[in-house]
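In the UniProt record's numbering, the protein residues as written are 1 to 65.
A short worksheet on the structure shown next.
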Amino acid sequence: MPKDRKNICCLCTGRMNRKVTTSCQHSFCKCCLLQQLNHSNRCPLCRKKILFFTSPTCFGSAPNN
1 MPKDRKNICC LCTGRMNRKV TTSCQHSFCK CCLLQQLNHS NRCPLCRKKI LFFTSPTCFG
61 SAPNN
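This is the structure in structure tokens:
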């Protein structure tokens, strides 16, 4: 898959906004996934039950004292 396609949400077909990754390792916009979860608790790509989703975290380096 080309690198730029990794940042496209398959639900809205736009660039992922506030990207989240499901327990089955598929990624979507957070608001798109929340809307999907109102209708079904299954992944729209693989149909596995979504047990949880996470968002990427950024860790900065602490200043040295």
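Every residue, glycine too, gets a C-beta built ideally from N, C-alpha and C.
Everything numeric in this text was worked out from a predicted model, so none of it was measured.
- Message: On the DSSP bridge list, what partners appear for Ile50?
- Response: Paired residues: none, contrary to the question.
- Query: Does Lys49 come within less than 7 Å of chain C when only Cβ atoms are used?
  - Reply: Absent from the structure: chain C. Only one protein chain is present.
- Query: Which value, in whole angstroms, describes the spacing of the CA atoms of Thr21 and Thr13?
  - Reply: 16 Å
- Message: Measuring only the C-alpha atoms, how far is Lys49 from Cys9?
- Response: Roughly 19 Å between the two C-alpha positions.
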